[in-house]
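See structure below.
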Amino acid sequence: MPVVAVLNDESDQGEILGALKAYGLVLANYYTRPGASELTKELRAALGSRSDENQLICHNLPLAIEGDPSWTSVLVLPPRYHFKYRETMALAARALSAADESNEKGMFLYHEP
7 MPVVAVLNDE SDQGEILGAL KAYGLVLANY YTRPGASELT KELRAALGSR
57 SDENQLICHN LPLAIEGDPS WTSVLVLPPR YHFKYRETMA LAARALSAAD
107 ESNEKGMFLY HEP
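Read in order, the letters of the sequence shown correspond to residues 7 to 119 in the working numbering.
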């Protein structure tokens, strides 16, 4: 399983890029990171020219956070992580729950025990 970086509103572009390059998978919850499509465009520009198979991809997943439905953006930098919808949904839910329980400020790194 990959390491997942869960972002909050204190995460800056440098942290996000560092996490993508290191781990390949980042979650950006819409409650704390509005404008995921704009964020994806900014990050693509910052990453520079890349081949299609190595392009940053953004998937919007419907997840319930503390029982409330919300949309979460999953930013994936292939080929480090291959996106599989169900597996990624489950991983994203676990990572967001762990981040919510941690109350950490800044980026939260989650990995399966």
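Positions of the beta carbon are idealized from the N, C-alpha and C atoms, including for glycine.
Since we're looking at a predicted model, the values are computed, not measured.
Can you grab the Cα-Cα spacing for the pair V32 / E93, in whole Å? 15 Å
What is the rounded straight-line gap between the Cα of N14 and the Cα of R86? 23 Å
Per DSSP, which one or two residues make a beta bridge with S79? A34 and N66
Is the beta carbon of V9 less than 8 Å from the beta carbon of L102? no
For Y116, the three-state DSSP class (helix, strand or coil): strand
What are the start and end residues of the beta strand (DSSP E) that includes V10? V10 to L13
So for D74, helix, strand or coil by DSSP? strand
Closest Cβ-Cβ distance between N60 and chain E: below 8 Å? Judged by its chain identifiers, the structure shown contains no chain E, having just a single protein chain.
Taking the continuous alpha helix (DSSP H) assigned at K47, which residues delimit it? A42 to L53
In this structure, does DSSP put E110 in helix, strand or coil? coil
Touch check for the stretch 61-75 and the stretch 41-48: three-plus C-beta pairs under 8 Å? yes
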